[in-house]
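Okay, structure first, notes after.
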Amino acid sequence: MLDKIYTAIGSPNIAFVKYWGTRNEKINLPFNSSLSMTLDKGVISTKTSIVFSKKFDKDKIIVDGNELNLEEPKNKGRFDIIEEARKKANIDAKALVVSHNNFPKGSGLASSASAGATLAFLLNKALELNMNERELSIMARKFSGSACRGIYGGIVLWHRGMSDDGTDSYSEQVLKKEEWSDLIDIIVLISEQEKKVSSKEGHVHTATTSELFRIRPEVAERHVERALDYLKNKDFHNLAEIIMRDSNSMHAVMLDSYPPIFYLNETSKEIIYRINQINEENKENIAAYTFDAGPNANIITLKKYKDEIIEKIRDIQGIKDIIVVEMDQSGPILSNDHLINDY
Ligand code: DP6
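When we follow the working numbering, the leftmost residue of the sequence shown carries the number -4, and every step to the right adds one.
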C-alpha cells in the first residue's frame, strides 16, 4: 500500500441533460439530476499516478507539469478527497499525484470530470478501501460535480438527491455501451480561450441570481425521465430533441443570471442553425448539438450520419478541429504505465 505506485486512466463525459447550479458548493450538490455519455478513453483521457509515502511532508499534485496550489478554491476538492481517503484508511502518509490530460488543447471538455473520477478510483485501489461504485461516485462528486458520472462507462444517471449530507446524490449506469454502441459524439473545437467564468462560480451565480432558474430543476427532471425512455427504446429523433432543448435550457438560465454569463459565440450559434437545417432537410432529427461551459460544440449522432454531418458543418467559420469519439464501455481502469518513476 505505502510506497507503491498505482496508475489509472479515465475519460470525460458529455451531458445529455445538464448539471448547472449547486445547492451546496462545498460538496457539489446539484438542484437537478443529470444524464451523460462516458467518452472513449482511447481518444481522450486523463492518466494519473499516485504514491503514498511517509517520506513526504505534504500532499503534492502535479497536473500537466504544473504543481497545484492547495489555497486556490478550484483545487480544494482534489486535496479534500485525498484527505477523506487517508482518514478512511487510517494512515497519515502524504501523497504524490502526477496527472496528465491528453485532451486536445482547449477542447472545452471537462478535464475535472475525468480527473476527479480517475483520482477517486485510484485512491480506492491505492489505499485498499474496498469502496463500491456508488461510494466512489460520491467521492468523485466532491472533487467536481460532473466527475460523479465518470466512475461508469456507457450512459450514466446522476441522481440529484435531497439530503444535506449528499449521501443520496450519487450516480449509476443506466445503459451499457453494447446496448447502443452507434451513439457517438462529434466534438467541434472552436476556441482555445480560457472561460471567463469558471463552472464553480457559475453554478452558484446562476442558482442565486437567475429568476428562470426557479423552474430549471423541474424542467431538467422531466428531460431526464424522457431521455431515459428514448434511450431504452433507441428513439434517436426524440432523444436528440431533449438533448438540444436541455442545452438551450441551461444556456438560457446562464444568460438569465445577473450579471449574465455567456458561453456561446457566433460559431456556436452557426452550428445550432446548421444542425437545425440538417434535421429539417432529413425530416427527422439525425443530430443533436449540446454545449457545456464554453463555445465548443458536441454533436451527438449515430455512426451512420457521421460523414453527412461533418460534410455539412466543416465550412463554418471559426471551427479549429473536429474529433469523433465513441462511447466508452467502462469508467477508469488501472494501467502499468506509470507517470511516477522516482520520488
Ligand atoms: C456545464 O462539473 O465542471 O459541463 O462541480 O464546480 O467542478 P464543478 O463543475 P463542473 O460543471 C460543469 C457542468 C457542465 C454540464 C454537465 O456536465 O452536466
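Positions of the beta carbon are idealized from the N, C-alpha and C atoms, including for glycine.
Cβ-based neighbour list, residue i, same chain, cut-off 7 Å, excluding 5 preceding and 5 following
i: Asn70; result: Leu63 and Asn64
i: Glu236; result: Asn280
i: Ile335; result: Ile0, Ser44, Val46, Leu91 and Val93
i: Ser325; result: Gly148
i: Ser263; result: Ile185, Phe286, Pro290 and Ala292
N-terminal and C-terminal residue of the beta strand (DSSP E) that residue i is part of
i: Gln168; result: Ser166 to Leu170
i: Ser44; result: Thr41 to Ser48
i: Met32; result: Ser29 to Thr33
i: Glu321; result: Asp316 to Glu321
i: Arg18; result: Thr17 to Asn19
i: Ile9; result: Asn8 to Val12
i: Leu91; result: Lys89 to Asn96
i: Ser330; result: Ile328 to Ser330
i: Lys53; result: Counting along the chain, Lys53 falls outside any beta strand (DSSP E), and DSSP gives it neither H nor E.
beta-carbon residue i near ligand 1 non-hydrogen atom, thresh 7 Å
i: Ser6; result: no
i: Gly148; result: no
i: Asn23; result: yes
i: Lys71; result: no
i: Ser141; result: yes
i: Ser109; result: no
i: Tyr165; result: no
i: Ala135; result: no
i: Lys13; result: yes
i: Ala10; result: yes
i: Asp287; result: yes
i: Ser325; result: no
i: Ser29; result: yes
i: His154; result: no
i: His198; result: yes
C-alpha gap between residue i and residue j, whole angstroms
i: Asn119; j: Leu223; result: 30 Å
i: Ser166; j: Ser193; result: 23 Å
i: Pro327; j: Leu152; result: 17 Å
i: Ser44; j: Val199; result: 32 Å
i: Lys49; j: Lys227; result: 50 Å
i: Tyr338; j: Asp287; result: 37 Å
i: Arg347; j: Phe208; result: Given a span of -4 to 338 for the chain in the structure shown, any question on residue 347 remains unanswerable.
i: Asp342; j: Ile86; result: Here the chain comprises residues numbered -4 to 338, so residue 342 is not present and cannot be evaluated.
i: Asp177; j: Lys82; result: 43 Å
i: Asp(-2); j: Phe11; result: 41 Å
i: Lys42; j: Gln312; result: 33 Å
i: Ser205; j: Met134; result: 29 Å
i: Asp251; j: Ala108; result: 25 Å
i: Asp230; j: Leu131; result: 31 Å
i: Asn331; j: Ala115; result: 18 Å
i: Glu306; j: Ile270; result: 12 Å
i: Lys345; j: Phe257; result: Outside the shown range of the chain (-4 to 338) lies residue 345, about which nothing can therefore be said.
Contacts around residue i, its chain only, beta-carbon distance under 6 Å, and the 5 residues preceding and following it disregarded
i: Asn293; result: Ile9, Asp180, Ile182 and Thr285
i: Ser244; result: Val214
i: Lys89; result: Phe51, Lys53 and Asp54
i: Ile22; result: Lys137 and Gly161
Ligand 3 heavy atom lying under 7 Å from the CB of residue i
i: Lys195; result: Ligand 3 is not part of the structure shown, which contains ligand 1 as its ligands.
Bounding residues of the alpha helix (DSSP H) (the contiguous stretch that carries residue i)
i: Phe116; result: Ser106 to Ala121
i: Gly5; result: Premise fails: Gly5 lies in the beta strand (DSSP E), Tyr1 to Gly5, not in any alpha helix (DSSP H).
i: Ala80; result: Pro68 to Ala84
Close-in-space but distant-in-sequence residues of the same chain around residue i (CB under 8 Å, 5 per side omitted)
i: Asp59; result: Ser94, His95 and Asn96
i: Lys195; result: Glu20, Pro68 and Lys69
i: Asp163; result: His154, Gly156 and Met157
i: Val169; result: Leu30, Gly149, Ile150, Val151, Leu152, Leu223 and Leu226
i: Val248; result: Trp15, Gly16, Thr201, Ser205, Leu207, Phe208 and Arg211
i: Ala110; result: Gly5, Thr41, Thr43, Val58, Arg73, Ser94, Asn96, Phe138, Ser139 and Ala142
8 Å Cβ cutoff, residue i in contact with chain D
i: Lys264; result: Structure shown: chain D not included; a single protein chain is present.
Length at least 3, wholly inside the region 128 to 163: the beta strand (DSSP E) runs in chain order: 150 to 153
4-residue-minimum alpha helix (DSSP H) runs that sit fully inside the region 241 to 301, ordered along the chain: 261 to 277
Hey, which unbroken runs of the beta strand (DSSP E) at 3 residues or more fall wholly within the region 185 to 247? none
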